[in-house]
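Structure first, then comments.
8 protein chains.
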Amino acid sequence: MEQVVSIAKRLVAESSRVLATRATDAQVQAMRQAFPGAIVSGSGGTILVIPSDEAPVTDLSKAHVLVVCAGTSDLPVVEEAMLTLRSMSVPAVRITDVGIAGLHRLLPHVEALQRASAIVCVAGMEAALPSVVGGLVACPVFGVPTSVGYGTHFGGVTALLGMLNSCASNVSTVNIDNGFGAAYCAALVCHQIERRLKE
Amino acid sequence: MEQVVSIAKRLVAESSRVLATRATDAQVQAMRQAFPGAIVSGSGGTILVIPSDEAPVTDLSKAHVLVVCAGTSDLPVVEEAMLTLRSMSVPAVRITDVGIAGLHRLLPHVEALQRASAIVCVAGMEAALPSVVGGLVACPVFGVPTSVGYGTHFGGVTALLGMLNSCASNVSTVNIDNGFGAAYCAALVCHQIERRLKE
Amino acid sequence: MEQVVSIAKRLVAESSRVLATRATDAQVQAMRQAFPGAIVSGSGGTILVIPSDEAPVTDLSKAHVLVVCAGTSDLPVVEEAMLTLRSMSVPAVRITDVGIAGLHRLLPHVEALQRASAIVCVAGMEAALPSVVGGLVACPVFGVPTSVGYGTHFGGVTALLGMLNSCASNVSTVNIDNGFGAAYCAALVCHQIERRLKE
Amino acid sequence: MEQVVSIAKRLVAESSRVLATRATDAQVQAMRQAFPGAIVSGSGGTILVIPSDEAPVTDLSKAHVLVVCAGTSDLPVVEEAMLTLRSMSVPAVRITDVGIAGLHRLLPHVEALQRASAIVCVAGMEAALPSVVGGLVACPVFGVPTSVGYGTHFGGVTALLGMLNSCASNVSTVNIDNGFGAAYCAALVCHQIERRLKE
Amino acid sequence: MEQVVSIAKRLVAESSRVLATRATDAQVQAMRQAFPGAIVSGSGGTILVIPSDEAPVTDLSKAHVLVVCAGTSDLPVVEEAMLTLRSMSVPAVRITDVGIAGLHRLLPHVEALQRASAIVCVAGMEAALPSVVGGLVACPVFGVPTSVGYGTHFGGVTALLGMLNSCASNVSTVNIDNGFGAAYCAALVCHQIERRLKE
Amino acid sequence: MEQVVSIAKRLVAESSRVLATRATDAQVQAMRQAFPGAIVSGSGGTILVIPSDEAPVTDLSKAHVLVVCAGTSDLPVVEEAMLTLRSMSVPAVRITDVGIAGLHRLLPHVEALQRASAIVCVAGMEAALPSVVGGLVACPVFGVPTSVGYGTHFGGVTALLGMLNSCASNVSTVNIDNGFGAAYCAALVCHQIERRLKE
Amino acid sequence: MEQVVSIAKRLVAESSRVLATRATDAQVQAMRQAFPGAIVSGSGGTILVIPSDEAPVTDLSKAHVLVVCAGTSDLPVVEEAMLTLRSMSVPAVRITDVGIAGLHRLLPHVEALQRASAIVCVAGMEAALPSVVGGLVACPVFGVPTSVGYGTHFGGVTALLGMLNSCASNVSTVNIDNGFGAAYCAALVCHQIERRLKE
Amino acid sequence: MEQVVSIAKRLVAESSRVLATRATDAQVQAMRQAFPGAIVSGSGGTILVIPSDEAPVTDLSKAHVLVVCAGTSDLPVVEEAMLTLRSMSVPAVRITDVGIAGLHRLLPHVEALQRASAIVCVAGMEAALPSVVGGLVACPVFGVPTSVGYGTHFGGVTALLGMLNSCASNVSTVNIDNGFGAAYCAALVCHQIERRLKE
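Residue numbers (the numbering used here), protein chains in the order written: chain Y, 2 to 200; chain W, 2 to 200; chain R, 2 to 200; chain X, 2 to 200; chain B, 2 to 200; chain G, 2 to 200; chain E, 2 to 200; chain H, 2 to 200.
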């Protein structure tokens, strides 16, 4: 545990922030004590240490990311993605509970989806959400299959396969439950936009 | 080949009809010669021998089935289902090309879907169509995963897994490319309705 | 836990009933306290909250469902199916302990099976029961593969594959242990019958 | 091809017989020419070279084997088993077309099944036949899963899994389509009986 | 727990014995209390209740079974097989620790192996023992793949596949860790011999 | 074939271009005849019909994509990606033969890689190239696992799994051999940059 | 084809030799014409171009490799290994037809096996040979699983799993049918010995 | 527990040392008490009992092994390999934290890698390290896939597949997490060198 905290302290010294995923409760606790007042933690074991005076970037007129999921059981992965985006200073908005068996909940968000520069789409079960979302937008969609399901869900493999075989052309995929990876890719899209705007 | 034709002749003598699936081109040819004027054949090797004066039942005020698919490559399975329904004297309508990455094509059919007593939903790739359709109706949806896809589609396994993990509660599934089986189940729903109406 | 109870209270207020599956012991306990006198719970974590004065519908002259299983270890899934049917006001009867290695136990029930409008067939191990039952009836059979088995049973995958490859034409399948889904489909068959009878 | 024939000639010289399975059409042809009048060949590429004056052993009062299958598509594997038994001088009887979705075809054979010393049970699709047969007899049942099926049959894997998870206790299994192996084991049961009877 | 004991009491009343496998420690304990002086239990949760005055049949001049395994970690499955054979009144001998990476330990047992009427061969890891043993004898070998191994052993699947692909012709296989099933089959070989000897 | 050509003609009329992948040789031939002078085709069955006077966009000072692969056998997928990018008017450069077992071939390209706005990385075998490339750049890397390999390569599954488990954070993945999908996603990154630059 | 030959000519110019595996018949033919008198080709598509005056190294007093297999169907992989060793100037001897179901064929070779510095062990089916061989020697054994088998052999996966789970400690494995890779590793053992002897 | 200690005592008496892997904490504790002063234990349950006055062999001018891994989570497997090498009296050096997504950490070690007679390469995730290392050296590389990863890492299967499909020719593989096996093979390479040097 001390080792985790000391590594974190070194990283914070170097770059003023550290992001950890899949931390145990005890590790979360130890980090809270080590970085009082400077920690943001999510469900599912994600921890972000960030300067306490650094507010989230919320200006949606800039390149930003939408994080979308179908149901409450996917929320820990959504939080991992949101904290990753915050640690990379990319504005992000979450839209939850837009499962495809109830299209009426998704349709009011179409305009917001179309303004995003990249979308992180988190889904378990048959993971059809990225196909529907992908068909509505013209930006890259990074799918995160989650391990939410049972029986033939095979710990998320079914959701992964659904995303890999999406009938929407703009969907790529990361490992199961890897909210960090999808958010990281989506943030880099925004960074590339900002880099070009500065040139 | 002669054996196939003679078995067919025996079955036609017994029940005035015979349905065969996955026939080879040569078998289709032999059957056409054996039953001139009495044959209906579909793509994908489905053959139905039926009395030449027996018109399809088309009265949609009776219990009937809708057969839905996402794209042209699923059509052979759709035809297998349609001929199965005709051989069982159940009225049926097909709706094709309603892929979920283009919701605008599906939505005009909602009312028709809701009038059906059972739905056969044929889909390859990520097979999300049954989830969307299932969410719109209150009758049983029998999903047929097709082998249409490549790479991690694994000959239809991905489509099957998607259907088994559907977030819609009213979806059950049959074997890959088994349009016959799904149509058979859907026809029995209509038969059960007719049986009760006659009581 | 409070969240679960408050969601349940909202749903009961809306539709006078709520059905939950795979609840933990603690969740069952909390629900019992929240809905005293109005709860029916089964083994395996199924809970049904239903008006305390609403008796089960037991009139077998109406469209009804038979729930069949091979052995005592499949009973929790059978109960999930039975409570689903009760929550949907569909008459249902269970027949248990009719494994195919002892055909003499199954044969006395043939007549009852043939009166049902739909059958839910729950089976683990090699899951051959739906094939035998399907061969005896003319209504749709919804198979529920269970995770009962060991070694190459692979948590129910073997039972699922057996059902998908059934030599009976009237068998469709749902996810492993998904008694809710099969019962939901079977109930819709009865609902469709009732809807037509009312027209 | 010459190599195959010359190996066969050496083996015939040594033990007066040779059994080959999975031979190509050309190999069958070459063997017919090499051993005129002394060959017995079955469908599916099984060839037995045996002295032309050696009649099959057909005395069912001796220890003997029953070879059972569900349908015509399993017949090549049945023939492989029958020729294996003949090459080992074990009396054998075949019963075909006793699929479990039509129990009335199986039941008339119960007495014959119970007289056998060992049973070879050949089945594709969900392969439930060994479970039903096993429940009716008190001798070992050697199951042969066949590659007959499609989609999730996975070239016979589903049939194999069904047999390995049989609810009958007296079923063991060999590789997919390995009619030779199951017949070989069944023949050894008869050989062991004869050995003891001679002591 | 009471239910287990009462079922056992009923079975003992019917046939004077009961065999249970995969019992929990608590169930073993309860059974010991319910049947004092009449119980034989093995490691791995196998329990045999048998009349306390019924000695094991040990006359190896009669048809008997050899139970062979490669190492100490396979012993619980060996015990399950041995108790099964005892419950069926079949003489049996165990040979343990004859792994194929040390052939010198196996070779002294060849003569004993060749006297058996059937062999149960228990093996984990790559499960090559049945191939070597099968090559040395002329009786049926019933292989039991065990879940002993790690990584790509996949809980016994590798051992099972090794047995199904054995280069020895006289090997058939049962489910992973199913010492009961293999012993049951082997015992039936002996029963068939005894039945013929009595005729 | 006529159907393919007529669909293509309709699409060209609508949007002046059409891209097809996985075309057969005969389809390629028919398209060449239908669109003389206006066709660009690649190996592996990719066809792009594009106005004959529309030159490729080659200005690398604009947002552009690098398409990287390890060896000559991956080239058809690279061509599919390149033609996709051309059809979407995105400048693109290919770098081939930079396998990781010879790092000296990759290192000279680092600067070019770092100038790209998105990278398509095509790799078969163990597919480690995206990890190495991903570690060198700060833009999203879209991996395309190819079916190049044998034995345990499982038609590209091994390459896919390698990419999904990449130790580089900026790698996402598409289906096996789906050069179109990865290029489509990469092109959208450039489109999003251009859209923001125009605002 | 010309491309293959021209690449081969460049490689021969550089290092006086070229080794190719999995060549088609046409490629073998083209290479024979391009390098008359200098070619050695094996079954299974392996080609070695080598100076016509370079005799194989056959001095078994030097570090050398034994290549062992169980049956004739593994010979193409054995030849691939032998030619690889010759191209690397490492003395090598082949021992074939030593399947473990006939131990008497293997035992005469023990002394030769123990003199080798490394062993390549080629085996299909259950692939138990490396375990038996590994238990007899004190040098590294490189296993090559072959695709020889059927049904649950899964194209060599079963043989591979058998080798990975070998109860002998000195066995490592390469990809299915990769005789080149195992021979390459074994040759490097000899090269390392020679390097040290020269120091 | 006593059994483990007594077996260990017997083995130490025979050969003065004993190596155990995958020991539980309790077993490690019992061994420490049984062999005070003579034990070396590593993380991950590896224990080596060795004469307390036997120093590790550290002379790198002799044939020696390098043990390489990519990250801290692979260290228990590295320690298992290191203790195996020590128990076999082979000099060994470990290099850790040389992941391929940061090539700058690996490159300084090239010279040391090239001096080794054999390399053990431990890697989880996509396990590309052996390919990169293999491309830099001319000795055999024994890969150990580790179970480090999540989701589609499948407990190490992905890492194993990556190694089996390595584009470097000198990589062979052992079972997942089997640091012992790879080190044993690597040590035998050194033993073979020493044996030849002594001749």
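Built from N, CA and C at the ideal position, the CB exists for glycine as well.
Determine, for S173/W, whether the minimum Cβ-Cβ distance to residues of chain Y falls below 9 Å. Within the second sequence, numbered from 1, the residue matching residue 173/W stands at position 172. No, S173/W lies away from the interface with chain Y (no Cβ there is under 9 Å from its Cβ).
Short Cβ contact (9 Å threshold) for C140/Y with S118/Y: Within the first sequence, the letter at position 139 stands for residue 140/Y. Within the first sequence, the letter at position 117 stands for residue 118/Y. If you check the CB distance, C140/Y and S118/Y come in under 9 Å.
Candidates L104/W, A31/W and R95/W: which alpha carbon is nearest V111/Y's? Residue 111/Y sits at position 110 when you count from the first residue of the first sequence. The residue with the shortest Cα to Cα distance from V111/Y is L104/W.
Three-state class that DSSP yields for G163/G in the structure shown: The sequence position of residue 163/G within the sixth sequence is 162, counting from 1. Reduced to three states, the DSSP call for G163/G is helix.
With distances taken between CB atoms, is the gap from D75/E to V142/E smaller than 9 Å? As a working mapping, residue 75/E is identified with position 74 in the seventh sequence. As a working mapping, residue 142/E is identified with position 141 in the seventh sequence. No.
Quick one: measure Cβ to Cβ for S132/H and A102/G, integer angstroms, because I've assumed they're closer than 8 Å. Residue mapping note: residue 132/H aligns to position 131 of the eighth sequence, counting from 1. Residue mapping note: residue 102/G aligns to position 101 of the sixth sequence, counting from 1. Right, their Cβ atoms sit about 5 Å apart.
Just the Cα atoms here: how many angstroms apart are M89/B and S42/B? Counting from one through the fifth sequence, the residue named residue 89/B turns up at place 88. Counting from one through the fifth sequence, the residue named residue 42/B turns up at place 41. In this model, M89/B and S42/B are separated by some 15 Å (Cα to Cα).
Please list, in chain order, all residues of the same chain as L137/G whose beta carbon is under 8 Å from its beta carbon, the five residues on each side excluded. Position 136 of the sixth sequence, counted from the first residue, corresponds to residue 137/G. For L137/G, where only same-chain residues beyond five positions count, the Cβ hits under 8 Å are V111, L114 and Q115.
Could you check where the beta strand (DSSP E) with S173/H kicks off and where it finishes? By one-based count along the eighth sequence, residue 173/H stands at place 172. Its beta strand (DSSP E) spans residues V172 to T174.
Roughly how many angstroms lie between the CA atoms of L189/H and L61/E, to the nearest whole one? Within the eighth sequence, the letter at position 188 stands for residue 189/H. Within the seventh sequence, the letter at position 60 stands for residue 61/E. CA-CA distance, L189/H to L61/E, rounds to 19 Å.
8 Å contact criterion, which V50/X and V13/X should meet: CB distance rounded: For the purposes of this step, residue 50/X is taken as residue 49 along the fourth sequence, with counting starting at 1. For the purposes of this step, residue 13/X is taken as residue 12 along the fourth sequence, with counting starting at 1. Going by Cβ atoms, the distance from V50/X to V13/X rounds to 6 Å, so yes, they are a contact pair.
With H, G and I counted as helix, E and B as strand and the rest as coil, what does DSSP make of P141/H? Stepping through the eighth sequence from its first residue, residue 141/H is reached at position 140. Looking at P141/H - three-state DSSP - the assignment turns out to be coil, as it is neither helix nor strand.
Limits of the unbroken beta strand (DSSP E) element including C122/Y: Counted from its first residue, the first sequence places residue 122/Y at position 121. Boundaries of the beta strand (DSSP E) around C122/Y: A119 to A124.
Of the residues A187/H, C191/H, V123/H and Y185/H, the one placed nearest L161/H, counting alpha carbons only: Looking up residue 161/H in the eighth sequence gives position 160. That would be V123/H, whose Cα lies nearest to the Cα of L161/H.
If M126/W and N166/Y are in contact, beta carbons under 8 Å, what's the gap, nearest whole angstrom? For the purposes of this step, residue 126/W is identified with residue 125 of the second sequence, where counting begins at 1. For the purposes of this step, residue 166/Y is identified with residue 165 of the first sequence, where counting begins at 1. 5 Å between Cβ atoms; contact.
Rounded to a whole number of angstroms, what is the C-alpha to C-alpha distance between I120/E and V29/Y? As a working note, residue 120/E is residue 119 in the seventh sequence. As a working note, residue 29/Y is residue 28 in the first sequence. Each residue's Cα considered, the two are about 52 Å apart.
Residues of chain Y with CB under 7 Å from T85/W, in chain order? Position 84 of the second sequence, counted from the first residue, corresponds to residue 85/W. Chain Y residues near T85/W: none, gap ~26 Å exceeds 7 Å.
Any C-beta of chain B sitting closer than 9 Å to the C-beta of T153/E? Indexing the seventh sequence from 1 puts residue 153/E at position 152. Closer than 9 Å: yes.
From what residue to what residue does the alpha helix (DSSP H) around L189/W run? Here residue 189/W refers to the residue found at position 188 of the second sequence. First-last of the alpha helix (DSSP H) with L189/W: G180 to K199.
Where are the beta strand (DSSP E) runs, 3 residues long or more, that stay fully inside the stretch 35-92 of chain W, in chain order? 40-42, 48-50 and 66-70
Buried or exposed: which applies to G108/W, given that a residue is buried once 16 or more other Cβ atoms fall within 10 Å of its Cβ? Here residue 108/W refers to the residue found at position 107 when the second sequence is read from its first residue. Residue identity check: residue 108/W is Leu in the sequence provided, not Gly. The residue in question, L108/W, is exposed, as its Cβ has fewer than 16 Cβ neighbours within 10 Å.
What residues in its chain sit with their C-beta under 6 Å from that of G163/R, if we drop five residues either side in the sequence? The residue you call residue 163/R lines up with position 162 of the third sequence. These residues qualify, in order along the chain: E127 and A128.
Counting only Cβ-Cβ distances shorter than 9 Å, please list the residues of the stretch 91-109 of chain B near chain X, keeping chain order. none
Could you check whether the Cβ of F143/G sits closer than 9 Å to any Cβ belonging to chain Y? Indexing the sixth sequence from 1 puts residue 143/G at position 142. Yes, its Cβ sits closer than 9 Å to a Cβ of chain Y.
Compute the Euclidean distance between the alpha carbons of T153/W and A183/G, then round it to the nearest angstrom. On the second sequence, residue 153/W is found 152 positions in, with the first residue counted as 1. On the sixth sequence, residue 183/G is found 182 positions in, with the first residue counted as 1. Roughly 15 Å between the two C-alpha positions.
With burial defined as no fewer than 16 other Cβ atoms inside 10 Å of the residue's Cβ, what is the status of P52/Y: buried or exposed? Numbered from its first residue, the first sequence carries residue 52/Y at position 51. P52/Y should be labelled exposed.
Assuming A64/G and C191/G are in contact, meaning their beta carbons sit under 8 Å apart, how far apart are those beta carbons, in whole angstroms? Reading the sixth sequence from its first residue, position 63 is the one you call residue 64/G. Reading the sixth sequence from its first residue, position 190 is the one you call residue 191/G. Going by Cβ atoms, the distance from A64/G to C191/G rounds to 4 Å, so yes, they are a contact pair.
Mind pulling the chain R residues with CB within less than 7 Å of N166/X? As a first step, residue 166/X is located in the fourth sequence; it is residue number 165 there, counting from the start. In chain order: M126, E127, G150, T153, H154 and T159.
Using a beta-carbon distance below 9 Å, is A119/X in contact with chain B? Working through the fourth sequence from its first residue, we reach residue 119/X at position 118. Chain B contact via Cβ: present.
Return the first residue and the last residue of the alpha helix (DSSP H) that V19/R is part of. What you label residue 19/R is simply residue 18 of the third sequence in a count that begins at 1. V19/R -> not in any alpha helix (DSSP H); beta strand (DSSP E) instead, spanning V19 to A21.
Note down, in chain order, every chain R residue with its Cβ under 8 Å from the Cβ of I177/B. Position 176 of the fifth sequence, counted from the start, is the residue given in the question as residue 177/B. Y151, G152 and T153, listed in chain order.
Taking the beta carbon of I194/R as the centre, do at least 16 other beta carbons fall within 10 Å, making it buried, or is it exposed? Start at 1 with the first residue of the third sequence, and residue 194/R comes out as number 193. Note on I194/R: 16 or more other CB atoms within 10 angstroms of its CB, so buried under the neighbour-count rule.
Any C-beta of chain X under 9 Å from that of A9/B: For the purposes of this step, residue 9/B is taken as residue 8 along the fifth sequence, with counting starting at 1. By this cut-off, A9/B is not an interface position.
H105/Y, enclosing alpha helix (DSSP H) - first and last residue: Position 104 of the first sequence holds residue 105/Y. H105/Y -> alpha helix (DSSP H) spans L104 to L107.
Excluding the 5 residues flanking G135/B on each side, which residues of the same chain have their C-beta closer than 7 Å to its C-beta? Residue numbering aside, residue 135/B sits at position 134 when the fifth sequence is read from its first letter. Correct list, in chain order: V142, S167, A169, N171 and V172.
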